[in-house]
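Notes follow once the structure below has been shown.
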């Protein structure tokens, strides 16, 4: 069992048989945005075929966090892939 209930930061539900909990957590440092920490469970992708579908589950289960960078330099230092979104000029 993990600590927490519906009224705590580590929100969980189900008492000793925990079947729910906060899927997204964030600790924001407004003095230094690059020290912000986050957690997104089970992973960064909603696509079951993606390598990022459940890549954060173990870290989430152990109450871990990952750095959530904001500056371009820090973001680019950890970027693994990029996508380019182009608006459809025919869509209104």
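In our numbering, the protein residues as written are 159 to 250. Here a beta-carbon is modelled for each residue, glycine too, at the ideal position from N, C-alpha and C. Treat the numbers as computed from the prediction; the structure is a model and nothing was measured.
**Request:** Name the one or two DSSP bridge partners that residue 184 has.
**Result:** Stepping through the chain shown from its first residue, residue 184 is reached at position 26. In the DSSP output, where bridge partners are listed per residue, residue 184 has 196.
**Request:** Can you have a look at residue 218 and say buried or exposed, based on whether 16 or more other CB atoms are within 10 angstroms of its CB?
**Result:** Position 60 of the chain shown, counting from 1, holds the residue named residue 218. Flag for residue 218 reads buried.
**Request:** To the nearest angstrom, report how far apart residue 211 and residue 242 are at their CA atoms.
**Result:** Locating residue 211 in the chain shown gives position 53, where the first residue counts as 1. Locating residue 242 in the chain shown gives position 84, where the first residue counts as 1. Each residue's Cα considered, the two are about 20 Å apart.
**Short Cβ contact (7 Å threshold) for residue 195 with residue 227** = Here residue 195 corresponds to residue number 37 of the chain shown, with the count starting at 1. Here residue 227 corresponds to residue number 69 of the chain shown, with the count starting at 1. Result no, Cβ atoms of residue 195 and residue 227 do not sit closer than 7 Å.
**Cβ shell of residue 184 (< 6 Å), same chain only, five flanking positions each side left out** = Here the question's residue 184 lines up with position 26 in the chain shown. Excluding positions up to five away in sequence, the list reads 196.
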